[in-house]
Ligand SMILES: NC(=O)c1ccc[n+]([C@@H]2O[C@H](COP(=O)([O-])OP(=O)(O)OC[C@H]3O[C@@H](n4cnc5c(N)ncnc54)[C@H](OP(=O)(O)O)[C@@H]3O)[C@@H](O)[C@H]2O)c1
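In this note's numbering, the protein residues as written are 3 to 283.
1. Keeping to the same chain, check which residues put their C-beta closer than 7 Å to that of residue 217; ignore five residues upstream and five downstream.
2. Kindly indicate which residue of 156, 262, 168 and 178 has the alpha-carbon position closest to the one of residue 206.
3. By alpha-carbon positions, which one of 36, 283 and 141 ends up nearest to residue 155?
4. If you follow the alpha helix (DSSP H) that residue 278 is part of, which residue opens it and which one closes it?
5. If you follow the beta strand (DSSP E) that residue 159 is part of, which residue opens it and which one closes it?
6. Return no unless some Cβ of chain C is closer than 8 Å to the Cβ of residue 56.
7. May I ask whether a heavy atom of ligand 1 can be found less than 7 Å away from the beta carbon of residue 72?
8. Which two residues bound the contiguous beta strand (DSSP E) that contains residue 139?
9. Do residue 256 and residue 12 have their C-beta atoms closer together than 8 Å?
10. With 16 as the cutoff for other CB atoms within 10 Å, does residue 97 come out buried or exposed?
11. Under the rule that 16 or more other beta-carbon atoms within 10 Å means buried, what is residue 46, buried or exposed?
12. Considering residue 130, what are the terminal residues of the beta strand (DSSP E) in which it resides?
13. Considering Cα atoms alone, identify which of 42, 25 and 24 is closest to residue 7.
14. Taking Cβ positions, are residue 70 and residue 50 nearer each other than 8 Å?
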């Protein structure tokens with residue numbers, strides 16, 4: 003029996019659907035059953051728990067063989083606690099294996115706000131004694147589209163403090179495919195790096211978006227302070243700081259790695275960023 007956390011989210015529900023369609027015994031961990039009914043295939047088995055509630059997590063994990071832990075989101079210390087609670091509950095419930103979605107940039111020297119959070123989760127997994135498969139994911143294509151490309155559509159100017167940094171984005175759909183494959187393969191490595199198949203400059207990203215929406219788009223690198231003041235679409239803290247430090251990490255080329263691991267575990271090529279934009283933009 004495989005339990006998927008974050009099952010009402012974009013990646014989690016994709017994982018639930020794929021596992022169910024492959025005939026696996028899947029349980030969706032959700033916070034709100036009514037919302038979950040609208041987002042998950044009818045008949046999906048659900049257990050209710052919140053990452054904040056370790057007792058509820060322990061109950062949810064009873065009888066589960068494999069846990070798919072989709073990373074949580076929010077303020078860093080909260081996310082760190084969520085992951086710690088889930089890993090502790092899985093350990094005490096004697097889960098056989100944990101598949102966890104991490105990020106490519108967990109380096110100690112990284113400026114990225116969330117790097118210490120994911121480093122901590124990976125360390126806890128290693129110490130837990132539960133065999134784990136970690137998928138270090140690149141930036142989601144969907145994130146780049148929603149947070150950076152769409153807001154720049156009107157002006158035609160994509161201004162970010164990423165200098166000449168490149169990224170190899172991967173769609174959330176492909177991440178879900180990789181997670182479902184990793185959760186069900188028997189022979190597994192400890193760590194997979196899940197990226198798109200091309201490291202793109204932001205000039206190429208802006209041009210690709212321009213092509214997809216039929217208007218001229220261009221990229222310019224800007225100072226971090228300018229990004230923070232101009233980014234009126236950014237929600238409250240921690241997001242401005244999180245996004246700015248992500249840009250700093252990209253400028254240091256920490257997101258440019260292209261890995262073939264996606265193809266190795268799924269047997270297919272990841273969707274290219276251009277194809278993603280044509281589909282989603
Ligand atoms: N690599 C990237 O570019 C990138 C970008 C953004 C995020 N991420 C990470 O990838 C993860 C998955 O992305 P996504 O797009 O699927 O996110 P999403 O659509 O926002 O889904 C997040 C899921 O986490 C659940 N959740 C949140 N807080 C919870 C709590 N306290 N207890 C239990 N469940 C909780 C949500 O449940 P509810 O429906 O009940 O709220 C939802 O199911 C994110 O959570 C984040 O860690 C990566």
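Glycine included, C-beta positions come from ideal geometry on N, C-alpha and C.
Keep in mind that this is a model prediction, so the values were computed, not measured.
The short version:
1. Here residue 217 corresponds to residue number 215 of the chain shown, with the count starting at 1. Closer than 7 Å at the Cβ level, and outside the excluded window around residue 217, lie 158.
2. The residue you call residue 206 lines up with position 204 of the chain shown. Residue 168 is the option with its Cα nearest to residue 206.
3. For the purposes of this step, residue 155 is taken as residue 153 along the chain shown, with counting starting at 1. The shortest C-alpha separation from residue 155 is found at 283.
4. On the chain shown, residue 278 is found 276 positions in, with the first residue counted as 1. Run containing residue 278: 275-282, per the alpha helix (DSSP H) assignment.
5. Numbered from 1 along the chain shown, position 157 holds the residue referred to as residue 159. Note, residue 159: beta strand (DSSP E), 159-162.
6. This model lacks chain C altogether; it includes just one protein chain.
7. Position 70 of the chain shown holds residue 72. Yes, Cβ of residue 72 sits closer than 7 Å to a heavy atom of ligand 1.
8. Walking along the chain shown from the start, residue 139 turns up at place 137. 134-139 is the extent of the beta strand (DSSP E) around residue 139.
9. In the chain shown, counting from the first residue as 1, residue 256 sits at position 254. In the chain shown, counting from the first residue as 1, residue 12 sits at position 10. Contact: no.
10. Your numbering for residue 97 matches position 95 in the chain shown. Buried.
11. Reading the chain shown from its first residue, position 44 is the one you call residue 46. Under this definition residue 46 is a buried residue.
12. Position 128 of the chain shown, counted from the start, is the residue given in the question as residue 130. Not the beta strand (DSSP E): residue 130 falls in the alpha helix (DSSP H), residues 117-130.
13. For the purposes of this step, residue 7 is taken as residue 5 along the chain shown, with counting starting at 1. Ranking the options by Cα distance to residue 7, first place goes to 42.
14. Position 68 of the chain shown, counting from 1, holds the residue named residue 70. Position 48 of the chain shown, counting from 1, holds the residue named residue 50. Result no, Cβ atoms of residue 70 and residue 50 do not sit closer than 8 Å.
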